[in-house]
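What follows is a single structure, written as structure tokens, with notes after it.
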Amino acid sequence: MVKFQTPLKQTVTLVERRVRDNRSEDPIKDLAFLSEHYRSNHEWDKASAATRHMLAVAEGRTTSVFEITPIDIELQQSKQHLRRRFRSRFWLTITILLSVAGGTSFAASQFKIDQKFVLDLKTQMFPFDPQNFIDRASFFDSSNKFKEALDDYDKALILDPKNSAALQHKSSVLFEMGDLQQAWQANELSSRSNAYYFYNKRRIEEARGDFAAAALSQAKADTIRPCSNNKAFIGYEYARAGDFAKALQFAEQATDTAQADFERVWGFVTEARYNLRLARYQEAIEAASKAIDYDDNQHFAEPISTAYALRAEAEHQLALNEKAVYDASKAIGLDSRNYRAYNVRAKIFESMGRTDDAQADLRSAEYYRNWKDM
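In the numbering used here, the protein residues as written are 19 to 392.
What follows is the structure in structure tokens.
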């Protein structure tokens with residue numbers, strides 16, 4: 019008796035034979051069709067096999083004949099391993115708690131291993147879901163394993179070529195790997211409706227030395243996602259482009275919208291720096307003084323030390339050398355490695371005729387500059 023088949027079933031059978039006999043004109047398209055069909059019928063083993071084979075064909079890793087088989091032995095072993103992992107979860111939790119209390123790094127590393135195991139298992143069990151590859155790529159990216167991250171983003175894009183998150187994160191990884199051209203191309207293929215597109219664009223333009231364009235890209239990101247950090251970056255890019263008037267304008271906006279005390283203190287310091295570059299010495303003194311007064315107890319030693327050094331330089335320009343020496347010394351007292359403060363005080367000593375003191379400060383400045391670069 020001939021077994022009756024529906025038109026869909028007949029199509030599936032024909033596609034299976036075509037792929038199995040290596041007669042498919044477009045194997046990726048056929049395998050994607052099979053994977054989707056199996057998934058809609060909850061035939062997870064077959065869907066997994068079809069999608070894994072599709073990825074292998076797309077990457078050029080196989081010319082083998084496609085076979086619809088149950089999930090492979092490796093995955094079965096992974097499931098057994100997962101059950102053993104869950105049985106030992108209690109001890110892992112205890113280890114993490116002990117790590118927090120004792121300050122060891124073992125539990126953190128064990129957690130990362132455990133996290134990768136789960137991500138690997140998800141990509142094997144559900145290889146038709148691009149989000150699983152994106153999640154594992156993000157894990158590799160956070161561990162600075164850029165090649166592995168790039169491979170997983172490419173796998174996600176085989177499944178969903180227009181996945182904006184995969185394209186933008188791929189662009190970021192390519193940037194970290196130094197491939198600016200490919201990073202730009204990947205970013206341009208992504209959606210421009212979120213701020214991350216403009217963050218990527220700004221970094222690439224900055225790396226190319228086009229600081230004015232980088233400032234405009236960061237400004238567009240700020241229109242989508244307004245925050246003080248965006249405004250500070252816009253000011254920074256304009257400063258690198260040499261437009262300190264615009265840089266100061268955005269630095270003031272960043273300070274006004276800052277939420278955290280630390281950001282606000284650094285905002286005043288940045289305003290002082292840009293005012294100094296514009297030869298607005300009195301305004302520079304006022305901005306540096308705001309940073310110093312804002313943090314009366316001097317919890318933030320580094321920005322306050324910088325504020326004292328900038329105020330000293332502005333006072334020196336106004337011939338207020340005694341005040342300038344005091345402020346430069348105060349900067350060094352807060353941060354003995356602040357080589358810029360030594361340079362400022364050396365210039366002041368030189369103008370006052372204290373040559374030996376100036377030479378001593380220049381030697382200290384050179385030492386701490388080299389120490390910082392190490």
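Glycine included, C-beta positions come from ideal geometry on N, C-alpha and C.
Whole-Å CB distance - residue i paired with residue j, under 8 Å assumed
| i | j | result |
| --- | --- | --- |
| Val362 | Ala327 | 5 Å |
| Ala265 | Tyr299 | Not really, about 17 Å apart at Cβ, beyond 8 Å. |
| Tyr249 | Thr275 | With the sequence shown as reference, residue 249 is identified as Lys, and Tyr is not the correct amino acid for it. Yes, they are in contact, since the Cβ atoms of Lys249 and Thr275 sit about 7 Å apart, within 8 Å. |
| Trp284 | Pro321 | 5 Å |
| Asp48 | Arg36 | 6 Å |
| Ser246 | Ala272 | 5 Å |
Nearest-angstrom Cα separation, counted from residue j out to residue i
| i | j | result |
| --- | --- | --- |
| Gly260 | Glu304 | 23 Å |
| His55 | Gln149 | 19 Å |
| Arg329 | Glu301 | 10 Å |
| Val191 | Phe229 | 21 Å |
| Asp345 | Arg358 | 13 Å |
| Glu34 | Met195 | 40 Å |
| Tyr214 | Leu338 | 47 Å |
| Leu294 | Asn162 | 38 Å |
| Arg372 | Tyr254 | 36 Å |
| Asn40 | Lys27 | 20 Å |
| Thr69 | Asp197 | 30 Å |
| Gln95 | Thr31 | Low per-residue confidence applies at Gln95: pLDDT is 48, beneath 50, and the placement is therefore not dependable, though the value from the model is reported in the following sentence. Spanning the two alpha carbons is a distance of roughly 31 Å. |
| Ile350 | Arg381 | 14 Å |
| Lys188 | Ser53 | 25 Å |
| Lys173 | Ser354 | 51 Å |
| Phe51 | Ser58 | 11 Å |
| Asp379 | Leu336 | 21 Å |
| Tyr312 | Gln277 | 14 Å |
| Arg226 | Leu168 | 22 Å |
| Phe164 | Lys365 | 46 Å |
Minimum Cβ-Cβ distance from residue i to chain B less than 8 Å
| i | result |
| --- | --- |
| Asp353 | In the structure shown, chain B does not exist; there is a single protein chain. |
Pair within 8 Å by beta-carbon distance, residue i and residue j
| i | j | result |
| --- | --- | --- |
| Asp170 | Phe151 | yes |
| Leu175 | Ala184 | yes |
| Ala332 | Ala309 | no |
| Tyr360 | Ala342 | no |
| Leu296 | Ala263 | yes |
| Glu356 | Ser323 | The question names Glu, but residue 356 in the sequence shown is Asn. Yes; because the gap between Cβ atoms is below 8 Å, this pair is in contact. |
| Arg154 | Leu177 | no |
| Ile222 | Phe193 | yes |
| Gln236 | Arg220 | yes |
| Phe216 | Ala231 | no |
Residue i in three-state terms, based on DSSP
| i | result |
| --- | --- |
| His55 | helix |
| Asn40 | coil |
| Ala276 | coil |
| Arg220 | helix |
| Glu333 | helix |
| Gly260 | coil |
| Ser354 | coil |
| Gly253 | helix |
| Pro45 | helix |
| Met370 | coil |
| Phe135 | helix |
| Phe318 | coil |
| Leu212 | In the sequence under discussion, the amino acid at residue 212 is Asn, which differs from the Leu named in the question. Correct three-state label for Asn212: coil. |
| His60 | coil |
| Arg243 | coil |
| Thr87 | Confidence is the limiting factor: at Thr87 the pLDDT is only 46, short of 50, which leaves the residue's position unreliable, though a coordinate-based value still follows. Correct three-state label for Thr87: coil. |
| Leu338 | coil |
| Arg70 | helix |
| Asp345 | helix |
Contact test: residue i Cβ vs the ligand HEM heavy atom, cutoff 7 Å
| i | result |
| --- | --- |
| Asp153 | Looking for the ligand HEM in the displayed structure turns up nothing, as the structure carries no ligands at all. |
request  = Pick out the complete beta strand (DSSP E) segments inside the stretch 144-209, 3 residues or longer, and give them in chain order.
outcome  = Unbroken beta strand (DSSP E) runs of no fewer than 3 residues, entirely contained in the stretch 144-209, are not found.
message = My parser needs the alpha helix (DSSP H) runs of 4 or more residues fully inside the stretch 278-316; what are they?
response = 279-295 and 299-312
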